[in-house]
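Protein chains in written order, with my numbering: chain A, 9 to 331; chain B, 9 to 331. Here a beta-carbon is modelled for each residue, glycine too, at the ideal position from N, C-alpha and C. Keep in mind it's a predicted model, so treat the numbers as computed, not measured. Single-structure report; data block below.
2 protein chains.
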Amino acid sequence: MRKTIVDFLKSGKDKFVSGEEIAKKLGVSRAAVWKHIQELRKTGYKISSSEHNGYQLQEVPDLLMPAEIQTELKTEIIGKNISYHITTDSTNRIAKELAGDGAADGTVVISEEQTGGKGRLGRSFFSPKYKSILMSIILKPKFLPHDAPKCTLMTAVAVANAMIRFNLKPAIKWPNDLLFNGRKIVGILTEISAEMSRINYIVIGIGINVNIDREEFPDDLQDIAASLSEMKGETVSRIDFLKALLEEFDKIYIEACHNGFDNILNQWRKYNITLGKKIRVLPAGGDEEFAAVAEDIDSEGALIVRTEKGREKVYAGDVSIRG
Amino acid sequence: MRKTIVDFLKSGKDKFVSGEEIAKKLGVSRAAVWKHIQELRKTGYKISSSEHNGYQLQEVPDLLMPAEIQTELKTEIIGKNISYHITTDSTNRIAKELAGDGAADGTVVISEEQTGGKGRLGRSFFSPKYKSILMSIILKPKFLPHDAPKCTLMTAVAVANAMIRFNLKPAIKWPNDLLFNGRKIVGILTEISAEMSRINYIVIGIGINVNIDREEFPDDLQDIAASLSEMKGETVSRIDFLKALLEEFDKIYIEACHNGFDNILNQWRKYNITLGKKIRVLPAGGDEEFAAVAEDIDSEGALIVRTEKGREKVYAGDVSIRG
């Protein structure tokens, strides 16, 4: 209902739209319209009103509200359902709950703030209110659990494609870190629930530093974190970037479901800054760190490295680039 | 407390044990001992009592109660914690809840009856009360999600090893069906919750037809289901078989955690009846059925088959053996 009112006010461009007209259009009373306008104002919309002329939309808040996100959103699957929160402990936690309760493929959970946001391996994630994009995407694909690990590379490519629409040059470090000057802009945490022969759901948590100045980061993050605004040299609209990302994600996900991941892995190779480099590998699972040269990723998304002992596959872990 | 009382009664062999002795040993009142004896009787223990001589254990019920299972159970990890239910919709559901709430590696959920038991791909599972073993094992291994699919083959091998202790000859059809005369005795449903670089938990649901006569099965199952008692030609103690299985599972799981799956896959090959046979493959994920010859399993547990077009890997799906 509120989304319809906002659409209606927007359609009036800078002109006033009469309360009666809105009421008629929606089949509700003028008092009901008034109440919705009050609610919209509370969430940050600036709407002026005049007894004779009606309502005029003056400013849309840079909040990631479904009404804004879904306006002219060009997707087929992703973002048709959005669960929006001002604050939550973790969008992945909510998404897993929704997914278990039957939420549709492509449902998105968004929060303006996370009090318990987690990066990979339980690491905490810095996310000041209204300055990041914090969301989780629920996927219920038909492909096999065996293919699920590639979704994390797919997500990095979707973010990279969104960055390109903002004239930003993506740099992906294996498996899914997006970097600017060696510092991290985006965190991706993929969780899966599966039987051996089918995926129940995949939840992809994406945290993007959007409008955070370098000195705003805690001291211990200033040398390892960056933001889109720092990269762009100006404020970036969170709404616009999020919409671009949902659209790019939608495209690439549909591609994966229909044609598999080959083309996506090629896109990943194009954006990557890992292959051909000397790296240090800290494998997940507790094995010891070692030096290697990153050679390629295989069809599973695993990193193929060459060490003194020969070629090796790294399925999961952290790498640091040494040159 | 009740387990201790049962142990105490058992230690008296066929003799009476005085209520006062038990009370002293446990540091509780004789009235409290009396109450526990009453509760044990309700769950099927036959305990005679005499005012002067105390209590005597006459019969232990064939219920899969923790007190019975854990008596002299030789395991290091599996079954140290048991959640026991007379009836439940699904032990896998309970296990997933417990696992998410921090249950320890090796925790076991047992139910005497399942009202909503599910086989793979949501198929229903026939399980008359007190005649099957219905349980779920929670694993929290340190190995990578990439290794998780092999747990389903590992489970089939653990069941096979338990069968051998009962002089039964195991026959495994890929990936994890245990058959007798082509009919299925055991259903295994593995579910996983994971991040890309670590396993949150694996829940392995195991349903075993123990003491079910062929004519007890519903008509549509009589040609595809069998039970241990049919195979053995006599009633099989559910308690004994379950304990054997937990011990075999414990051994093989510790082996997997320390040395990987190579030896386990070799055991699987030894018990399998699929390799070298003409089969029909119905791949998971909706691809079309096809004819092939089963050649081997690879190091991931995938089935390698040869078709007219060449070699192919089947990661998940159903096979039927044609000779």
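Residues bridged to residue i (per DSSP)
i, result
"GLY215/B", "LEU142/B, GLY195/B"
"HIS93/A", "SER119/A"
"SER56/B", "GLN64/B"
"ARG314/A", "VAL301/A, ARG319/A"
"GLY325/A", "PRO291/A"
"LYS43/A", "For LYS43/A, which the question treats as bridged, DSSP gives no partner whatsoever."
"ASN267/B", "In DSSP, ASN267/B forms no bridge with anything."
"SER201/A", "TYR209/A, SER201/B"
"ASP231/B", "Looking at the DSSP assignment, ASP231/B forms no beta bridge with any residue, so it has no partner."
"ILE180/B", "LEU186/B, ASN280/B"
heavy atom of the ligand HEM below 7 Å from residue i C-beta
i, result
"ALA264/A", "Only the bare structure without any ligand can be found here, which leaves the ligand HEM out of the picture."
Exposure label - residue i; buried when at least 16 CB within 10 Å
i, result
"SER359/B", "The requested residue 359/B does not occur in the structure, where chain B is confined to residues 9 to 331."
"LYS32/A", "exposed"
"ASP7/B", "Residue 7/B is absent from the structure shown; chain B starts at 9 and stops at 331."
"LYS158/A", "buried"
"ASP326/A", "buried"
"ILE232/B", "exposed"
"ASP258/B", "buried"
"ARG246/B", "buried"
"GLY181/B", "It is Lys, not Gly, that sits at residue 181/B in the sequence shown. Under this definition LYS181/B is a buried residue."
"ASN267/B", "exposed"
"LYS18/A", "exposed"
"SER307/A", "exposed"
"THR83/B", "buried"
"ASP15/B", "exposed"
"LYS21/B", "exposed"
"LYS43/B", "exposed"
Cβ distance (whole Å) where residue i is taken to contact residue j below 8 Å
i, j, result
"ALA103/B", "ILE200/A", "So it is not a contact: roughly 17 Å between Cβ atoms."
"GLU238/A", "ASP227/A", "Between ASP227/A and GLU238/A the Cβ distance is about 17 Å, and since that is not below 8 Å, they are no contact."
"ALA300/B", "THR282/B", "Contact doesn't hold; Cβ gap of about 11 Å is too wide."
"THR95/A", "GLU121/A", "4 Å"
"ARG288/A", "ARG319/A", "Between ARG319/A and ARG288/A the Cβ distance is about 17 Å, and since that is not below 8 Å, they are no contact."
"GLY293/B", "PHE151/A", "6 Å"
"VAL332/A", "ALA40/A", "Residue 332/A cannot be examined here, being either before or after the span of chain A that is shown, 9 to 331."
"ILE207/A", "PRO149/A", "6 Å"
Length of the line joining the Cα atoms of residue i and residue j
i, j, result
"VAL74/B", "SER91/B", "Strictly speaking, residue 74/B in this sequence is Pro, with Val absent from that position. Their backbone Cα atoms lie some 8 Å apart in a straight line."
"ILE312/A", "LYS321/A", "5 Å"
"GLU47/A", "LEU161/B", "57 Å"
"GLU59/B", "PHE24/B", "11 Å"
"PRO69/B", "GLY52/B", "5 Å"
"ASN274/A", "SER328/B", "37 Å"
"ARG191/A", "GLU224/A", "15 Å"
"LYS137/A", "GLY110/B", "30 Å"
"SER61/A", "GLY215/A", "For clarity, residue 61/A is Asn in the given sequence; the question names Ser instead. For ASN61/A and GLY215/A, the distance between alpha carbons rounds to 43 Å."
"LYS317/B", "TYR261/A", "30 Å"
"ILE118/B", "HIS93/B", "6 Å"
"ASP304/A", "SER135/B", "50 Å"
"TYR209/B", "SER144/B", "12 Å"
"ARG173/A", "ILE13/A", "30 Å"
"GLU29/B", "ALA252/B", "33 Å"
"VAL36/B", "GLY124/A", "45 Å"
"ARG277/B", "PRO183/A", "34 Å"
"GLU296/A", "ASP185/A", "21 Å"
"GLN78/B", "ILE272/B", "26 Å"
"ASP97/B", "LEU34/A", "46 Å"
"THR198/A", "GLU105/A", "15 Å"
"ALA179/B", "PHE298/B", "23 Å"
Beta-carbon proximity check, residue i vs residue j, cutoff 8 Å
i, j, result
"ASN217/A", "THR243/A", "no"
"PHE249/B", "ALA170/B", "yes"
"GLY27/B", "ARG38/B", "yes"
"ASP113/B", "LEU65/B", "no"
"ASN100/A", "GLY213/A", "yes"
"LEU81/A", "GLU255/A", "yes"
"ILE196/B", "ALA164/B", "yes"
"TYR279/A", "HIS154/B", "no"
"VAL116/A", "ILE86/A", "yes"
"GLU67/A", "LYS50/A", "no"
"LEU176/B", "LEU229/B", "no"
"LYS285/A", "ALA302/A", "yes"
"ALA166/B", "ILE193/B", "no"
"SER337/B", "ILE45/B", "The structure shown does not extend to residue 337/B, since chain B is modelled only from 9 to 331, so the question has no answer here."
Listed by chain order, chain C residues near residue i by CB distance under 7 Å
i, result
"THR198/B", "The chain inventory of the structure shown lacks chain C, comprising the protein chains A and B."
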